[in-house]
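Residue numbers (this note's numbering): 314 to 502.
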């Protein structure tokens, strides 16, 4: 059993494929067939999975894991999320504008006036582009587009994002920005 210190979600297992223990897998890697290049994959309950065979299929990959030899064992894995340790992922392969989701979580979002809009608590892709979930103290989570228009700068070392609240949909009108300073509404006279 392996406990991951800094897990990065790589894939989710779907249904069984055939009778030999193969499973359909949704990979979250740029190249789904590269899933086997990361070594053993791990579930959050501590199980480790070694890929024996992997082939591309429509929108997914079909994978055969060591020790999963029949349809019943494959069906038992349905919905299981698979992770690798963040340290096993190389930053050298990333382009300047590419990030691992795990590196974005925990960053605090500010505008150019220093107003905080919360901390990134999740990164999602529902098919129309990546979204960042921001959650501020005592506030409900909000989703903003992870785009060049909304997220102007990312400073991983400082733990900060510079955002444009208008482009991110956090304010409706540019005039709404005038009443904000350092996270508190400006008092009207």
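Glycine included, each C-beta is placed from N, C-alpha and C at the ideal position.
- The Cβ atoms of residue 466 and residue 456 do not sit closer than 8 angstroms to each other.
- In the DSSP annotation of this structure, the continuous segment of the alpha helix (DSSP H) that includes residue 416 starts and ends at 414 to 417.
- Counting along the chain, residue 387 sits inside the alpha helix (DSSP H) bounded by residues 384 to 388.
- At the C-beta level, residue 327 and residue 316 stay beyond 8 angstroms of one another.
- Where residue 429 is concerned, the enclosing beta strand (DSSP E) starts and stops at 429 to 438.
- Within a 10 Å sphere around the beta-carbon of residue 343 sit fewer than 16 other beta-carbons, which makes this residue exposed.
- One thing to note: residue 430 has its Cβ within 8 angstroms of the Cβ of residue 476.
- Under DSSP, residue 458 shares a beta bridge with 444.
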